[in-house]
Amino acid sequence: MVVQSDGAAWRKHHESLEQLRSLSTQGLHDRPGSSGAPPGNSSRRFRDYGVAASPSVRDFYRVHHQRQTLDFVLCKKRQYATLDRRRLGIWESMVYLNQLVDTSDPDINLPQIQHLLQTAEAIRRDGHPRWFILTGLIHDLGKILCLFGEPQWAVVGDTYPVGCAFSDKIVFHEFLKANEDWGDERYRTRLGIYTEGCGLDHVHLTWGHDEYLYQVTKAFLPEPALFIIRYHSFQSLHREGAYEYLLSDRDKELLEYLHLFASYDLYTKSPDRVEVDEVRPYYEELIAEYFPPIVKW
């Protein structure tokens, strides 16, 4: 199992950013006619939340936006800080998660393990470092919260800050008017309870699988991997540029990793399934480099 030294690990993985950029340019981002999409997906529209969005997706965000208040987020952070729900290995948790279908996703309806493997396999094909491949493999494992009894609106969907004004870049922004924080004077300003450049470590985002998996994995992975895991659903930031005034200088550096990861997360979704048994030995070996056999959830 890899043991990370914070300073050395950061230097090593910071140096790999140029390598990641180069490989992504040669691979996913530069395939003929793709504009970032892999073959077979170039004509597809992803994250379509307009009039074509399904009623189930709209209903999901209607409930999500109403109930994700600052008080709710703080309560959930306290509730799950103990990591005492289950003890599972990483591959075992992937199999366990396979029962879930994400109702917030407008793009595809496949078992969760397929999305994880599709993401990881695309990153692997493009020759990226092993830690980046592993991040693709596990990035959605926090959705296991649904199998602990949490409703999907408390687990999946886009994340965004609470405790300050809601950006109009958030999907289904109109539903946020039903959130009790909308009319709270403490949270209605641009900064709300935060300060300019305070850093995302000091910002509370809506509760869900990103933050939960970050808490589960933070002792095992390098900083760029953890940033990707923690903020990959923060779409209004890394797709739309909202809330950049909350970022620290370190966040701005790490955001480049998230931008590179985002295309793999989105554009690798495909009805073509990965043969799980064929790739399992490779990924079990990769998991063992970073994680113990059993992890606290």
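Quick note on the UniProt record's numbering: the sequence shown kicks off at 1 and runs consecutively. Even glycine gets a Cβ: it sits at the ideal position worked out from N, Cα and C. Predicted model, so just to flag it, every value in this text is computed and none were measured.
Would you mind working out which of 252, 211, 173 and 113 sits nearest residue 280, comparing C-alpha positions? Comparing Cα positions, the closest option is 113.
Starting from residue 160, trace the alpha helix (DSSP H) both ways and give me its first and last residue. Element bounds for residue 160: n/a, residue is neither H nor E.
Along the chain, where does the alpha helix (DSSP H) containing residue 281 start, and where does it finish? It spans 276-290 - the alpha helix (DSSP H) in which residue 281 sits, taken as one unbroken run.
Output the boundary residues of the alpha helix (DSSP H) element that contains residue 224. DSSP places residue 224 in the uninterrupted alpha helix (DSSP H) bounded by 223-231.
Can you name the residues that DSSP bridges to residue 86? Under DSSP, residue 86 takes part in no beta bridge, so it has no partner.
Just the C-alpha distance for residue 290 and residue 231, rounded to the nearest angstrom, thanks. Annotation: residue 290 to residue 231 spans about 20 Å, alpha carbon to alpha carbon.
What's the gap between the Cα of residue 182 and the Cα of residue 165? When rounded, the distance between both Cα atoms is 8 Å.
What's the call for residue 252, buried or exposed, on a 16-neighbour Cβ count within 10 Å? Exposed.
Which residues share a DSSP beta bridge with residue 295? 88.
Span separating the alpha-carbon of residue 286 from that of residue 101: Taking the straight line joining both Cα atoms gives about 26 Å.
Taking 9 Å as the threshold (beta carbon to beta carbon), is residue 174 in contact with chain C? In the structure shown, chain C cannot be found, because there is only a single protein chain.
Among the residues of its own chain, which have a CB less than 6 Å from the CB of residue 117, if the five just before and after it don't count? Excluding positions up to five away in sequence, the list reads 274.
In its own chain, which residues sit with a C-beta less than 6 Å from the C-beta of residue 157, not counting the 5 before and 5 after it? Same-chain partners within the cutoff: 64 and 104.
State the CB to CB distance for the pair residue 159 and residue 84, rounded to an integer number of angstroms; the pair is presumed to be in contact (CB under 8 Å). With 8 Å as the limit, residue 159 and residue 84 do not qualify as a contact, their Cβ atoms being about 24 Å apart.
Does the distance between the C-beta of residue 229 and the nearest non-hydrogen atom of the ligand MN fall short of 8 Å? Here there are no bound small molecules, and the ligand MN is not part of this structure.
Ranges of the alpha helix (DSSP H) found wholly within the region 121-174, counting only runs of at least 4: Whole alpha helix (DSSP H) segments, 4+ residues: 130-138.
What did DSSP end up calling residue 247 once you bin it into helix, strand or coil? Coil.
My understanding is that residue 136 touches residue 119, with C-beta atoms under 8 Å, so please give their C-beta distance in whole angstroms. The Cβ separation is near 4 Å, so the contact holds.
Nearest to residue 224 (by Cα), restricted to the options 68, 256 and 76: Proximity to residue 224 across 68, 256 and 76 peaks at 256, based on C-alpha coordinates.
Beta-carbon separation (whole angstroms), residue 162 vs residue 70, contact threshold 8 Å: Residue 162 to residue 70, Cβ: 4 Å. Contact.
Residue 176 versus 133, 59, 284 and 53, residue with shortest Cα-Cα distance: Cα-wise, what sits closest to residue 176 is 59.
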